[in-house]
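Notes follow the structure.
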Amino acid sequence: MDISIKRRDFLKTATAAGVTALVGDKLGALGQLQAQTKTAVKPVVISSANGLMATAKAMEMIQQGADALDAVIAGVNIVEDDPNDNSVGYAGLPNEEGVVELDSSVMHGPSCRGGAVASIRSIKNPSKVAKMVMDRSDHILIVGEGALKFAKAHGFQEENLLTESSREIWLKWKENLSTEDDWLPPHDIESKDIGEGLKSYLRNHGTINCDAIDLKGNISGVTTTSGLAFKIPGRVGDSPILGAGLYVDNEVGAAGSTGRGEANLLSCSSVMIVEYMRQGKSPEQACLMACERIASHTKERRLLNDQGWPKFNVNFYAISKKGEYGGAAIWSGSRYAINTGEKQSRLIDCAYLFKSEPKPKK
Ligand code: GLY
């Protein structure tokens, strides 16, 4: 095949469609133009609200010239290592048998690669293992025992991830089991009074998603979590599923999620948010549209309140190639962390579909 003709034809088509940025920097003058555009972009780091320190760390590294993926992984490692955060990494709340199982995914925009692990036990930084899957295997997602073996082969140390505090929270849940577990009796979509564990304050879906644009204008992201507390062993949420809990397109932007992974798995919202941004929506509009999709596609009565709105929450965070950022959630009250070059990150309210009732004072 004549490569030069193919390239000329592609250029014509790409220019006509207004998508020259897709061509990449292999194309001489066009590539240089694109590179100039890239360096003009200010770096941005966004994360879920538990990422104030993560976003600050990632920005500090980016300003020293780090690649966005290395920076966001170093950022979320702070939360994975934190014994006081029960939703991610070390000290994450365990499955229903008291065993911590972690999920994580990474995507590297400039090289269009990704990696993920799910249900990995005994390794406190699943985000680093996810990157190892990307860098040192021909796979994208490795789960369970295989993920642990892969991590150990690469020198990761096994350790007990269950802290005294997370064990005590798990034990309290176990001692109060009634309808608050995930084993549902036979039911249909009209069944209302089952699966009540959904509303327990202890059943968190805490997670951290962190996405960044670096000094070269390259975009990457990571999502890492201990998943739904007290889940059925082997349960995998949205975090390690590329397209659901995380998606990056280096020419468009990045998006990620926290919240009820089961709902997000049914809509693969992160890739949808990136596609909405490609069509011209702002990050916040795109995140809200993903929330609307989840709300309109939730049909099971047990998951809906009396007004027909979802009883659960899902949060989305997104950045665009232009450096815009935004977040949205199904319910009001969620926030996200942002850093655009400051020493300290700040929290911003997410846009939302429904206003939550004020929480009763304790
Ligand atoms: N969004 C995290 C989870 O559901 O596991």
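If you number the sequence shown the way numbering that gives the first Met the number 0 does, the last residue is 361 and the count never jumps. Note that CB positions come from ideal geometry on N, CA and C, so glycine has one too.
Considering Cα atoms alone, identify which of Val44, Ala48, Val43, Pro42 is closest to Ile347. Considering only Val44, Ala48, Val43, Pro42, the residue with the shortest C-alpha distance to Ile347 is Ala48.
So within the stretch 128 to 177, which uninterrupted beta strand (DSSP E) runs reach at least 3 residues, ignoring any that extend past its ends? If one requires a minimum length of 3 residues, the beta strand (DSSP E) runs lying completely within the stretch 128 to 177 are 140 to 142, in chain order.
Compute the beta-carbon to beta-carbon distance between Gly114 and Val142, rounded to the nearest angstrom, for a pair I have assumed lies under 8 Å. So it is not a contact: roughly 12 Å between Cβ atoms.
Which residue marks the beginning of the beta strand (DSSP E) containing Leu241, and which one marks its end? Premise fails: Leu241 is in no beta strand (DSSP E) and is neither H nor E.
Could you tell me the distance, in whole angstroms, from the CA atom of Ala65 to the CA atom of Pro42? So the two alpha carbons sit approximately 11 Å from each other.
DSSP state of Asn208, grouped into three classes? Of the three classes helix, strand and coil, the one that applies to Asn208 here is strand, per DSSP.
State buried or exposed for Asp237, treating a residue as buried only when at least 16 other CB atoms are found within 10 Å of its CB. It is buried - the Cβ of Asp237 has at least 16 other Cβ atoms within 10 Å.
Applying the 10 Å Cβ sphere with the 16-neighbour rule, what's the burial state of Met0? Confidence is the limiting factor: at Met0 the pLDDT is only 32, short of 50, which leaves the residue's position unreliable, though a coordinate-based value still follows. Exposed is the call here.
What are the boundary residues of the alpha helix (DSSP H) that includes Gly260? Boundaries of the alpha helix (DSSP H) around Gly260: 260 to 264.
I need the straight-line Cα distance from Met60 to Lys342, nearest angstrom please. CA-CA distance, Met60 to Lys342, rounds to 11 Å.
Segment contact flag, the stretch 255 to 264 with the stretch 115 to 129, C-beta cutoff 8 Å, min 3 pairs: Three or more beta-carbon pairs separated by less than 8 Å are not found between the stretch 255 to 264 and the stretch 115 to 129, which leaves the two stretches without contact.
Helix or strand or just coil, what does DSSP make of Ile119? In this structure, Ile119 counts as strand in the three-state DSSP scheme.
Comparing alpha-carbon positions, which option in Ser164, Val251, Asp213, Ile207 lies nearest Lys280? When each option's Cα is compared against that of Lys280, the closest is Val251.
Tell me where the alpha helix (DSSP H) around Asn76 begins and ends. In the DSSP assignment, Asn76 falls within the unbroken alpha helix (DSSP H) covering 67 to 80.
CB-CB under 6 Å to Ser333, same chain, minus the five flanking residues each way: which ones, in chain order? Contacts found: Asn314, Cys349.
Consider the C-beta atom of Thr223 and the heavy atoms of the ligand GLY; say whether any pair is separated by less than 7 Å. False, no ligand heavy atom lies under 7 Å from that Cβ.
So, Asn304 versus Ala328, is the Cβ gap smaller than 8 Å? Contact flag unset, no.
Indicate, with yes or no, if the ligand GLY has a heavy atom lying under 7 Å from the CB of Thr385. One cannot answer for residue 385 here, as it falls past the ends of the chain, which runs 0 to 361.
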